[in-house]
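So the sequence shown is numbered by numbering that gives the first Met the number 0: it starts at 0 and just counts up by one. Have a look at the structure below before the remarks.
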Amino acid sequence: MKITICGSSTFKEQMLEYRDKLFAMGHEAIVHPDYEAFVKGEKQEIWNQVTNGEHAEAKKAQGYIKWYYNAICSSDGILVLNFDKKGIKNYVGGNTLMEIAFAHVNDKKVFLLNPIPEEVSYTDEIKAMYDVMLDGDFNNIKQYLSGAKICDHKSVGMIVRNDEKILLIERMKPPYAFALPAGHIDGHESFEEMAKIELFEETGLVAKSLKLLIEGRKENPCRRINGNWHYWKIFEVEAEGEVERSLFETKQIKWVNMDEMKNIALRTEDYRAGKISEEKWKKNPGLEPVWHDWMKELKII
């Protein structure tokens with residue numbers, strides 16, 4: 000993949016650092032050659048213009064804006080280095096905003112290294128144009144470029160009852176825990192549509208009817224890039240068919256009564272309190288923390 004690195008000229012050292020990181024991953028990375036010269040102490044007359052209030056003149060004389068436009072058009076995407084500057088967290092200046100726009104209108108991927116700055120007047124414009132926020136972790140771009148999924152921050156969960164029992168699954172993959180059937184929306188038209196799909200994939204059951212019980216945002220992690228929060232809709236589902244465990248997603252699937260559910264939830268509380276190690280939790284988990292919270296809010300436990 001060919002990636003142009005963008006950001007404030009103040010971040011010139013970091014531009015070279017991240018260029019080399021991309022090179023080490025086997026990708027082509029583009030930085031204007033003047034930035035390397037500035038870091039080496041060369042072309043000081045131009046750097047003095049940049050730092051002494053004559054930045055506009057330097058941009059015109061050196062053709063920086065057109066150069067970056069052409070570089071972006073020839074790339075597959077841009078990596079925006081938005082570190083703190085001028086007292087603004089995760090700074091994105093006007094010039095970098097233009098470069099984000101160049102990439103966006105030319106259908107190039109826009110990677111932000113850090114979260115979107117909230118102290119600038121064009122926060123909404125950045126939100127409308129970026130594709131992937133790496134959350135300060137460069138390893139996330141490795142995952143993305145290797146084909147990892149990006150979190151859509153939308154999750155659906157299903158409560159299925161059989162008399163006085165509720166259906167639980169034990170996850171085979173992180174986050175390790177007991178949970179109720181759930182999944183990402185992944186571009187489907189509605190939460191309801193995905194609820195039916197996910198329920199069948201994870202349990203073999205067919206949803207006959209759905210009743211929305213509760214919805215809202217939770218700060219729960221998932222395995223995907225940027226997967227640190229989700230907007231949830233929780234449905235009570237009337238289902239039919241025979242329960243069948245997914246061989247790829249679940250270690251076990253079972254109906255639990257309320258006493259069993261409360262005991263599993265108590266293990267979650269001990270885990271959150273630091274009384275259970277990660278190793279012991281993985282071998283004998285409790286209820287996934289986000290589900291513990293939903294069950295509490297719904298007064299099921």
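Don't be surprised by glycine CBs; every beta carbon is placed ideally from N, CA and C.
- Here Arg216 is bridged, per DSSP, to Tyr230.
- Residues Asn89 and Tyr90 of the same chain have their beta carbon placed closer than 8 Å to that of Asp83, with the five preceding and five following residues left out of the count.
- For the pair Ile275 and Arg266, the CB atoms are nearer than the 9 Å cut-off.
- In the three-state DSSP reduction, Ser8 falls in the helix class (H, G or I).
- Using a 10 angstroms sphere on the CB of Gly76, the tally of other CB atoms reaches 16 or more, which defines it as buried.
- Leu286 is a Cβ neighbour of Ile263, given a cutoff of 9 Å.
- With at least 16 other beta carbons inside 10 angstroms of its own, Arg18 counts as buried.
- For the region 98-153, the continuous beta strand (DSSP E) assignments of 3+ residues that do not extend past its boundaries occur at 108-111, in sequence order.
- At a Cβ-Cβ threshold of 9 Å, Ala178 and Trp290 count as neighbours.
- Burial check for Gly240: the Cβ neighbour count within 10 Å stays below 16, so the residue is exposed.
- Pairwise C-beta distances place the region 154-168 in contact with the region 179-190, as three or more of them are shorter than 8 Å.
- DSSP places Val255 in no alpha helix (DSSP H) but in the uninterrupted beta strand (DSSP E) bounded by Thr249 to Val255.
- Val49: member of the alpha helix (DSSP H) spanning Gln43 to Thr50, first to last residue.
- Excluding sequence positions up to five before and after Ile45, its CB lies within less than 7 Å of the CB of Asp33, Ala57 and Gln61, all in the same chain and listed in chain order.
- Cα atoms of Ile71 and Gly135: separation of roughly 22 Å, rounded to the nearest angstrom.
- Sixteen is the threshold: since fewer than 16 other Cβ atoms of the shown chains lie within 10 Å of the Cβ of Gly273, the residue is exposed.
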